[in-house]
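*Asks:*
6 protein chains.
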Amino acid sequence: MDKALSDKLMAVSVATLATALFKRGLRNQVIQGVHPVKAKGVNMVGPAYTLRYIPAREDRNQLTEFRNPAHPQRVAVETCPEGHVLVMDSRKDPRAASAGDILVTRLMVRGVAGVVTDGGFRDAATIGELAIPAYHTRPSSPTNLTLHEALDLNVPIGCGDVAVFPGDIVVGDDDCVIVVPQAIAKDVADEAVEMTAYEDFVVEKVKAGTPVIGLYPGTQEHFAAEFEAWRKSHNR
Amino acid sequence: MDKALSDKLMAVSVATLATALFKRGLRNQVIQGVHPVKAKGVNMVGPAYTLRYIPAREDRNQLTEFRNPAHPQRVAVETCPEGHVLVMDSRKDPRAASAGDILVTRLMVRGVAGVVTDGGFRDAATIGELAIPAYHTRPSSPTNLTLHEALDLNVPIGCGDVAVFPGDIVVGDDDCVIVVPQAIAKDVADEAVEMTAYEDFVVEKVKAGTPVIGLYPGTQEHFAAEFEAWRKSHNR
Amino acid sequence: MDKALSDKLMAVSVATLATALFKRGLRNQVIQGVHPVKAKGVNMVGPAYTLRYIPAREDRNQLTEFRNPAHPQRVAVETCPEGHVLVMDSRKDPRAASAGDILVTRLMVRGVAGVVTDGGFRDAATIGELAIPAYHTRPSSPTNLTLHEALDLNVPIGCGDVAVFPGDIVVGDDDCVIVVPQAIAKDVADEAVEMTAYEDFVVEKVKAGTPVIGLYPGTQEHFAAEFEAWRKSHNR
Amino acid sequence: MDKALSDKLMAVSVATLATALFKRGLRNQVIQGVHPVKAKGVNMVGPAYTLRYIPAREDRNQLTEFRNPAHPQRVAVETCPEGHVLVMDSRKDPRAASAGDILVTRLMVRGVAGVVTDGGFRDAATIGELAIPAYHTRPSSPTNLTLHEALDLNVPIGCGDVAVFPGDIVVGDDDCVIVVPQAIAKDVADEAVEMTAYEDFVVEKVKAGTPVIGLYPGTQEHFAAEFEAWRKSHNR
Amino acid sequence: MDKALSDKLMAVSVATLATALFKRGLRNQVIQGVHPVKAKGVNMVGPAYTLRYIPAREDRNQLTEFRNPAHPQRVAVETCPEGHVLVMDSRKDPRAASAGDILVTRLMVRGVAGVVTDGGFRDAATIGELAIPAYHTRPSSPTNLTLHEALDLNVPIGCGDVAVFPGDIVVGDDDCVIVVPQAIAKDVADEAVEMTAYEDFVVEKVKAGTPVIGLYPGTQEHFAAEFEAWRKSHNR
Amino acid sequence: MDKALSDKLMAVSVATLATALFKRGLRNQVIQGVHPVKAKGVNMVGPAYTLRYIPAREDRNQLTEFRNPAHPQRVAVETCPEGHVLVMDSRKDPRAASAGDILVTRLMVRGVAGVVTDGGFRDAATIGELAIPAYHTRPSSPTNLTLHEALDLNVPIGCGDVAVFPGDIVVGDDDCVIVVPQAIAKDVADEAVEMTAYEDFVVEKVKAGTPVIGLYPGTQEHFAAEFEAWRKSHNR
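Chains as they are written, first to last, in our numbering: chain A, 1 to 236; chain B, 1001 to 1236; chain C, 2001 to 2236; chain D, 3001 to 3236; chain E, 4001 to 4236; chain F, 5001 to 5236.
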């Protein structure tokens, strides 16, 4: 994805993006119930590449399925483009895994930007130590075949009650993951950068003892001037 | 679908079918959490035709969407083949409707065999009075646009934690709905008819005072002979 | 409340009202998880009068509390104005009752228009037979003191995840209950009456074999003329 | 069980019993989430006979298990004493059945007073028509082997978050089921009969227009005298 | 609040307080489902100051609301007294935030003792690093306006299924949060200090190999003497 | 338990064991919803010794119960054999504790291998620091008497929707806990050791850039030879 856009999204929080989307009437873009396998302290940013699971039927989901080179889960891991985020629709069911450490390691090696499921990962403790951000509901050791059949690649899906279209920009921080529609990603990112500057200014003021009313949001006019000065002095 | 197969499936219960599938290692074919809008006293039988919903994004799901003649929900209602069952993946979310009485009336007029959602119907009281079986989780008055975007027609879906492939045979009775994989539907139906004969014999015996142990299942040999006589006398 | 407004709202469905509110950006006005104790076949309509419960603390909620003539639950039953709907915030917890048949009988005798809780009623089978509409989650025999302390009268509350302000217009049918903000109730009712006329026309057409695409919504122009003729002939 | 005790419990509601137990500090005796398969309009009363299920392990729960004459579910059906209520601990999991119509028919024929599960029944529509009260969470067609292994007979269990000890008195009405500890059943029944008399008097007064405050509970003295007169005139 | 009382409550666990309240018949004082945003290793202690949210209605909850200097959430943050704990009733719904890092920073600067919600915080990772204890259900990035309307200040509320009255003493440790009714706080604290002394003695004994039966609780008399000696030697 | 078996199970992951059991048709052996109180980085291994809770009835569960030297929870702590894992059936209800730090300390001192509940522990922060693995749902400060009555020792139970028979081998890692039926534990352990060797080989290859298709599982023949060489060079 565009480097400038990516840089901006690396520097803002999911909370700020959620507010910028709320302003545009999009109230439901944060993937619910999902958190980092391990907090990384830096954002995950990338376009969505999706994998859709449906419920497993026993005769179609024996271990031999994995021997099929066209098995969609394995193909997803090998085809998710570099810099993209693999987002899995596991129907919010963490009772069996969406993937494990070997596949996530492969994603890492391939330069994938991150991996998200509304189910759970097996080998989660190991995945947490890998140099790739991963988000899930909870650790889940059973193989995906137990409950999930990998079906479709890169179709629109639901993940944690959010619509995810291939190419939507996915951003995660240490709290949550949000889905930014591709068409407005640049505008949203620009606004979020502006909002972040003001929020950083606000935090400084609040830490110094300023009350929040009138400051956040800035309804007292003098704060506008103060903020302008602050921006200059901080190169923001 | 094949008339002989349909006739057999009209004459057996979902419970019996569930046991026949259990014998074949398929333990998870009953759609969970779904019941008839109104009990009809006769079975619903037909091949599955599917509609997939994903979570609604506000900018893509305004009322104007319904003016699009290609809107997948509307197209589903006009293309679901006669004698088929329209099965909707609403991600088990009944907080907004999957469909309402006008669309279900159209399905009825078109000769569709039934309609199933793991969400809810609006106008459910009206739908319950229509001459088409309908199954859902609970009544839900909000328009589907509130939470659901109709996306795909006739792809494999999940419904109530069950995999549904287009063409699978869907059977509903006054209790539940079950999905019978197409490839084994005939065998399963044949076995279910046999099981039903024995169960009917058992019910008669039990009502007459026979204990269930040894009779159900029939481990005492004399019941085999009694059952054979019963079949002849009842033309079963 | 205004008789003309009430008459209009008696003649439309909650589903239609939900769509009229959706058009105005209000997507979350149907009380979730609540249904009629017994379907009445006619609407419940009236302004909201509210009762707020908080969790019960054992020392404050012994049976002797009911001897207090100022107990808010009892006062609610005696002060809810005639023609109003008593709406209770039971925090979606049906494990203990919100009220029982004696209090609901008193509401009926007093001319209250209906009663709604996002918890459950005790004596529900009896309440279902009374000549007052009642909506709840499920029957619940334990006295409210077990889990609920009646606290406030006629303050804004939540009920089934919907905001209810005193005076909002509450409408229930055999499916669901919806909350129409007071300020827009007349506009919404007018629009719902119009929509209902068109929907009734559509149902007739669909039953006669017309496909829904182009008809519902009416994007094919000739339906506008047909509808106008239908209105005249039906006095709608 | 004692005929006099049974007669009293046939004539009071679960709600009244819940209040009588609440007075004694027992706040948690109503089985949560369970309702009649079909309302019967008369109470179910009898001592508890219990069946405990644990989660099914596939190798121990094939259909052949039912051929074992010592299978606890089948033994339960043949040994639950006449006049008792068979209560099943299905761990609140209705995704597979606790029993079906053949076993419930056998219980009926044997004179068992009723059957309760915190799971679901298969063949529920049929069970609803039998002359034996049955309570469950929802219909569930899969055989119990799918998720439940019948393990223990007549041990203390949990059912719907309530402790059930063998011999406890189980009472069900059209709303709910309650468990009355054996040692206090007579006292509780006696008090409930008294309470019911007063409640019936109250209902008459309320229907005639008397406000509830001061009447229910009866804190205004004149109601005591009126009630005494009412009792005489009604032989209560 | 009283310094002596506060000191005692800083030195006991929520578990010990729960048992002391259980002895007094209060079984339901631990806020369910809430945990520290980040474990601090020291207790949070202070009187409750409350904020009540109801479900958000879209027309009343646009971003412009925050420009209102009387917005209850902002006012709560500026008026919660020093040394108090701000407790928010978010109806157990963490799908949108109850507050974020700027407001929690302001609470910290103002000397507030802590903040609790039965919803979630946005900017949770940042809040976890602040020098103020915070408890929630899970991180939640969407602005509170998405689902919550701040309505009331310092009224009795429910939080995590517990009644919270303004002035009740709120105590949190690394496990849970408990609400101690104001009127009995001193007695409960005194007893908890005593219990803690005995528990510390018990832990020493258990670590040295003493079995728990007879020791915890101390039914073998010699432990009473040993404990007295231990108290003297440990100045407890 | 057998030292060789224990050593093998210390060296494999729960995920690998889950797959080995899946191959044998056991799909449901991972205890759902349970995680380590604190990750230990080493496995917990031991035969199951069980404790069964039922719902608490108030009159049977006052604090005085703990003075009874035969109280099953206390007896469990003193009789669970060294090297065994104490597994508690708390009916998946973490609203009250299953045990606290004193009892878990005693288990540690007695050489018990670990402790698992599908409820919650009180004093969880303290338990997390003890030298004994402990698994639960979440911290829960209320005494077990609030909701749980300890009833049975060492009977078959359910824990997190899994059947646990006394003597089954329980294995926990930093993700999850699994129950291996005693009769197949050796075979499963042997296979898991083999699988682990291959997985470790695969991880090395994947980190070095090899795609997963053909490698995991190893369908390309040359990997078999490579793996054999790797085993030799790594003494696996």
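Where is the CB? At the ideal position from N, CA and C, for every residue including glycine.
1. Roughly how many angstroms lie between the CA atoms of B/THR1137 and B/CYS1176, to the nearest whole one?
2. If you draw a straight line from the C-alpha of F/LEU5063 to the C-alpha of E/TYR4216, how long is it?
3. Is the region 4200-4213 of chain E close to the region 4040-4059 of chain E, with three or more CB pairs under 8 Å?
4. Are the beta-carbon atoms of A/ALA183 and B/ARG1057 separated by less than 8 Å?
5. Over the uninterrupted alpha helix (DSSP H) stretch that includes E/ARG4110, give me the two end residues.
6. Run the CB neighbour count on C/GLY2120, radius 10 Å, all protein chains shown included, and call it buried at 16 or more, exposed below.
7. Taking A/PHE66 as the query, report the chain F residues whose CB atoms sit under 7 Å from its CB, ordered along the chain.
8. Kindly list the residues whose CB is nearer than 7 Å to the CB of E/PRO4133, restricted to its own chain and excluding five residues on each side of it in sequence; keep chain order.
9. Here's the rule: buried if 16 or more other CB atoms are within 10 angstroms of the residue's CB, otherwise exposed. What is D/PRO3139?
10. Taking the alpha-carbon of B/PHE1223 as reference, which of B/SER1233, B/HIS1234, B/PHE1201 has the nearest alpha-carbon?
11. Between C/LEU2145 and C/ALA2099, what straight-line distance do the alpha-carbon atoms span, to the nearest angstrom?
12. When you compare the region 4063-4072 of chain E with the region 4080-4098 of chain E, are there three or more beta-carbon pairs, one atom per stretch, that lie closer than 8 Å?
13. For the beta strand (DSSP E) that E/VAL4164 lies in, which residues bound it at each end?
14. Counting pairs of Cβ atoms below 8 Å between the region 1102-1116 of chain B and the region 1074-1087 of chain B, do you hit three or more?
15. Would A/ALA76 pass as an interface residue toward chain B - the criterion being a Cβ-Cβ separation below 8 Å?
16. Drop a sphere of 10 angstroms on the beta-carbon of C/ASN2235, count the other beta-carbons inside from all chains shown, and report buried for 16 or more, exposed for fewer.
17. Starting from D/PRO3217 and walking both ways along the alpha helix (DSSP H), at which residues does that stretch end?
18. Say whether chain B places a C-beta atom closer than 8 Å to the C-beta of A/GLY25.
19. In this structure, does DSSP put F/HIS5084 in helix, strand or coil?
20. Tell me whether D/SER3233 is buried or exposed, calling it buried when 16 or more other Cβ atoms sit within 10 Å of its Cβ.
21. What residue range does the beta strand (DSSP E) around E/GLY4046 cover?
22. Here's the rule I'm using: 16 or more other beta-carbon atoms within 10 Å means buried, otherwise exposed. How should F/PRO5055 be labelled?
23. So is the beta-carbon of A/GLY111 under 7 Å away from any non-hydrogen atom of the ligand HEM?
24. By alpha-carbon positions, which one of F/ASN5028, F/ASN5061, F/GLU5078, F/LEU5103 ends up nearest to E/GLU4199?
25. Would you say E/ILE4178 reaches chain F, if we count a Cβ-Cβ gap shorter than 8 Å as a contact?
26. Do B/THR1196 and D/THR3143 have their CB atoms nearer than 8 Å?
27. B/VAL1014 by DSSP, collapsed to three states: which one?
28. Name the two residues that bound the continuous alpha helix (DSSP H) containing D/ASP3152.
29. Going along chain B in order, which residues have a C-beta closer than 7 Å to the C-beta of C/ILE2213?
30. To which residues does DSSP link D/HIS3071 through a beta bridge?
31. Would DSSP call D/ALA3124 helix, strand or coil?
32. So which residues of chain A does B/ASP1059 contact, with C-beta pairs closer than 7 Å?
33. Helix, strand or coil for E/ILE4184? Go by DSSP, reduced to three states.
34. Assuming contact is defined by CB atoms lying nearer than 8 Å, are F/SER5141 and E/ILE4157 in contact in what I supplied?
35. Between the C-alpha atoms of A/ALA245 and E/ILE4031, what's the straight-line distance to the nearest angstrom?
36. If you measure beta-carbon to beta-carbon, which residues of the region 190-214 of chain A are closer than 9 Å to chain E?
*Replies:* Taking the coordinates as given:
1. 11 Å
2. About 11 Å.
3. no
4. no
5. Run containing E/ARG4110: none; DSSP gives neither H nor E here.
6. buried
7. PRO5217
8. Excluding positions up to five away in sequence, the list reads PRO4036, LYS4040, MET4044, GLY4114, GLY4172.
9. buried
10. The residue with the shortest Cα to Cα distance from B/PHE1223 is B/PHE1201.
11. The C-alpha of C/LEU2145 lies about 10 Å from the C-alpha of C/ALA2099.
12. Counting C-beta pairs closer than 8 Å gives fewer than three between the region 4063-4072 of chain E and the region 4080-4098 of chain E, which falls short of the contact rule.
13. 4162-4164
14. yes
15. no
16. exposed
17. Run containing D/PRO3217: none; DSSP gives neither H nor E here.
18. yes
19. Looking at F/HIS5084 - three-state DSSP - the assignment turns out to be coil, as it is neither helix nor strand.
20. exposed
21. 4044-4055
22. buried
23. Absent from the structure shown: the ligand HEM. Ligands present: none.
24. F/LEU5103
25. yes
26. no
27. helix
28. First-last for D/ASP3152: 3148-3153, but that is the beta strand (DSSP E), not the alpha helix (DSSP H).
29. PRO1069, ARG1074, GLU1078
30. Beta-bridge pairing links D/HIS3071 to no other residue.
31. helix
32. GLY25, LEU26
33. helix
34. no
35. This structure leaves residue 245 of chain A out entirely; chain A is present only between 1 and 236.
36. GLU199, VAL202, VAL203, VAL206, LYS207, ALA208, GLY209, THR210, PRO211, VAL212, ILE213, GLY214
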